[in-house]
Amino acid sequence: ISIKCSQLVSRFVGESEREVNKIFKKAKQASPCVLFLDEVDSILPKRVSGTSDSHVTERIISQFLMEMDGIEVLKGVVVLAATNRIDLIDPAILRRGRFDLIFKLPLPDEKAREEIIKIHTRNKALDSHIDLSSLAKDAKNMVGSDLEFICKKATMFAVKDYIQNGSGK
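Residue 79 in this note's numbering sits at position 55 of the sequence shown, with consecutive numbering throughout.
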């Protein structure tokens, strides 16, 4: 079950917590199941005292913690979460027994970037002057989604050029 966490935040009191409960209930019913939470930092940020958000953040975190290690065991449910801002996540969530493995994916190196570009240009008619290794070298500090976007954008420009000019350069 894949969940985009930013969509769980609601302006109505109690609605976000209810959604968290429904997700875990669905995962337990679908057991064995992998529950993937994308952008988890959007619902589980560090708690800050003195905020004026009606304690929404605290209630969502409390509900999440209750679901993760409450009375009902998550038997047959594996919870995976992704974020590109682990520094924003509440420390209580990262405690042992909740997310047992935490690992960071480094930026792809030049060879990995070239492989990513190859994947996103596979089955595309490339002009002979295009040097994928040079593109990978120039794409320093870019991640896979950046490279995918560039390849898609280049494809759209090529199609547009072909339609307008009859050439695919």
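The beta carbon of each residue, even a glycine, is placed where N, CA and C say it ideally should be.
Item	Value
Whole beta strand (DSSP E) elements within the stretch 82-142, 3-residue minimum	101-106
Whole-Å CB distance - Ala-163 paired with Leu-156, under 8 Å assumed	No, Ala-163 and Leu-156 are not in contact; Cβ-Cβ is about 10 Å, not under 8 Å.
Close-in-space but distant-in-sequence residues of the same chain around Val-167 (CB under 8 Å, 5 per side omitted)	Leu-131, Pro-132
Proximity of Val-44 and Glu-91 at Cβ, strictly below 9 Å	yes
Cβ-Cβ distance between Phe-173 and Leu-104 below 9 Å	no
CA-to-CA distance, Ser-158 to Ala-136, given in whole angstroms	13 Å
For Leu-32 and Ile-117, the rounded distance between their alpha carbons	17 Å
Cβ pair Val-101, Phe-48 closer than 9 Å	yes
Beta carbon of Ile-113 nearer than 9 Å to that of Asp-65	yes
Start and end residues, beta strand (DSSP E) containing Cys-11	For the chain, the structure presents residues 25 to 193; residue 11 sits outside this window and is missing.
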